[in-house]
């Protein structure tokens, strides 16, 4: 399994789009959470995922981990390195989850903070304000999480910088990891 | 349990003071170490804690972990993210300790390096010299430790910047974590 | 066991040379890998180590871990914090290996990025191009790995900066760790 993570505004989806027709199955962690949480009757809408109490959240996360651990074949898992919330940075791959998975590569897609800021400002659907220090802190924290995940699993930590005007380069680097 | 850590000079105690009358029990890791080490006859004064040999230190740490793991109710644990010693940065929350605890939040209180330097220089009780590069390195190392602790426990990593003139803001952010 | 790691061009070998006649046994992780891989018939030349498939690599790594875990006495293990490959940063001390070892200190030898760049450019045996951003990223990633290894083992994380003209200082700091 190849795990792909990215800062909001780093262009993860665009880089991931390059993996079409490579034989990899794409799985989105948030979709799996919603699927299982709604099947278990905890939520009716995706927005309610964040509002589940900690015990329920852990139960659902554990079920997602079990489902992922059963997957065979070439899988790309699309998730977050860490999620910025008012209550701090939530790890996207806590050890309780990681220890269930067979990870080949851990890929973090980022971009220079200035470019992320510009992209976020251009995104009119985005409500929350942001500033450059906040983006730098999140990027820095993400690299630390990435190294921790890599130390725990032994899988290599890959950082792909998706700079303005260099999308094709980022996609090529990503595709080279799938071989 | 909420674990609060901070760089010396970041103003951890002042931020923690805001938690009075919130129903949380405050526990200081160093106090617990001293309590147990003196009860077991290893030390007579707090200064001797650092001089215990590694085997004794691990034994006492393990006993502290056991005591903390038995605590029920709302607890704030006041400790270090890492301790700067002549022999390197000692992790405040090694996995052997963390794995015994039920951690809700991991809070790191820091401040801009320039402000920490100024505060340390103004502190006449402080013997050891310090410089800005050293403070930056320690802050950087602490953020990496914080992410590792968060990856191991699944608890969110919270960074509270306690800037000059913004103490109330830092306290408010801390109080919002206790709800 | 004391584990010493360093960025290529940081001058790890020169700092390590100071440990001659201190009673420590020096072990190089790469040498051990080659020794075991060739004994098991996987490789004939050292260059082939990188080309082993993942399953074989893990098998050999596990055997190296077993051998290291049996070592008694004072050992210095010379290895990498992370190895920069086209497929990302490979952790030098994945948890599967670390959990077998009794680690006293984790030492990372680095140097300012500008100096590493200059040293690498002067090294005519080096084929691969490099730039300052790449060196900064690797150094940053290494510090995150170091903190993760330290959190996992409880061993202190030591960073020794081997600056131009300050080799003796770096060696003295290293020697002070061996006492």
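Residue numbers (our numbering), protein chains in the order written: chain A, 43 to 221; chain B, 43 to 221; chain C, 43 to 221.
All C-beta atoms, glycine included, are put in the ideal place defined by N, C-alpha and C.
Small disclaimer: the values here were computed from a predicted structure and weren't measured.
Check                                                                                                                           : Outcome
Classification of residue 217 of chain B by the beta-carbon crowding that lies within 10 angstroms, buried from 16 upward       : exposed
Inter-residue spacing [alpha-carbon to alpha-carbon] between residue 132 of chain C and residue 207 of chain B                  : 43 angstroms
Through-space distance from residue 155 of chain B to residue 177 of chain B, alpha-carbon basis                                : 6 angstroms
Interface flag, residue 197 of chain A vs chain B, CB-CB below 8 angstroms                                                      : no
The beta strand (DSSP E) enclosing residue 149 of chain A, as first and last residue numbers                                    : 147–152
Buried or exposed by the 16-neighbour rule on C-beta atoms within 10 Å, applied to residue 181 of chain B                       : buried
Contact list for the stretch 185–196 of chain C against chain A, Cβ threshold 9 angstroms                                       : 185, 186, 187, 188, 189, 190, 191, 193 and 194
Endpoints, beta strand (DSSP E) assigned at residue 117 of chain B                                                              : 117–121
Proximal chain B residues relative to residue 127 of chain A, where beta-carbon distance stays under 8 angstroms                : 198
At least three beta-carbon pairs within less than 8 angstroms, the stretch 130–146 of chain A to the stretch 107–114 of chain A : yes
Length of the line joining the Cα atoms of residue 100 of chain A and residue 125 of chain B                                    : 32 angstroms
Distance CB(residue 219 of chain C)-CB(residue 66 of chain C) smaller than 8 angstroms                                          : no
Alpha-carbon spacing of residue 213 of chain B relative to residue 179 of chain B, whole angstroms                              : 25 angstroms
Residue 131 of chain A, DSSP secondary structure in three states                                                                : strand
At least three beta-carbon pairs within less than 8 angstroms, the stretch 185–194 of chain B to the stretch 185–203 of chain C : yes
Start-to-end residues for the alpha helix (DSSP H) that takes in residue 69 of chain A                                          : Residue 69 of chain A -> not in any alpha helix (DSSP H); beta strand (DSSP E) instead, spanning 67–70.
Within-8 angstroms CB hit, residue 76 of chain C to chain A                                                                     : no
Three or more C-beta pairs below 8 angstroms linking the stretch 81–92 of chain A and the stretch 44–64 of chain A              : no
Among C:205, C:103, C:150 and C:74, nearest to residue 199 of chain C - alpha-carbon criterion                                  : C:150
Under the three-state DSSP convention, the category residue 43 of chain C falls into                                            : coil
Rounded distance between the beta-carbons of residue 44 of chain B and residue 147 of chain B, thought under 8 angstroms        : 5 angstroms
Cβ-Cβ distance between residue 75 of chain B and residue 117 of chain B below 8 angstroms                                       : no
CB contact check: residue 219 of chain B to chain A, cutoff 8 angstroms                                                         : yes
Residue interval of the alpha helix (DSSP H) (run including residue 200 of chain B)                                             : From DSSP, residue 200 of chain B is part of no alpha helix (DSSP H) but of the beta strand (DSSP E) over 199–203.
Under 7 angstroms by beta carbon: chain A residues contacting residue 62 of chain B                                             : Those within 7 angstroms of residue 62 of chain B in chain A number zero; the least Cβ separation is about 21 angstroms.
CB contact flag (residue 85 of chain A, residue 202 of chain A, <8 angstroms)                                                   : no
Residue 193 of chain A beta carbon near the ligand ADP (any heavy atom closer than 7 angstroms)                                 : Although the ligand ADP was asked about, the structure shown includes no ligands whatsoever.
Proximal residues of chain C, C-beta to C-beta of residue 222 of chain B below 7 angstroms                                      : The first residue shown for chain B is 43 and the last is 221, placing residue 222 of chain B beyond what the model contains.
Interface partners of residue 179 of chain C on chain A, CB under 7 angstroms                                                   : 201
Best match in B:83, B:78, B:71 and B:115 for proximity to residue 64 of chain B [C-alpha to C-alpha]                            : B:115
Host alpha helix (DSSP H) of residue 95 of chain B (start-end)                                                                  : Neither: residue 95 of chain B is in no alpha helix (DSSP H) and is coded neither H nor E.
Of the listed residues A:197, A:210 and A:72, nearest to residue 130 of chain C (C-alpha basis)                                 : A:197
Distance between beta carbons of residue 153 of chain C and residue 205 of chain C, contact taken as under 8 angstroms          : 6 angstroms
Burial state of residue 61 of chain C (16 or more Cβ within 10 Å)                                                               : buried
Closest by C-alpha distance to residue 68 of chain B, when choosing among B:120, B:183 and B:211                                : B:120
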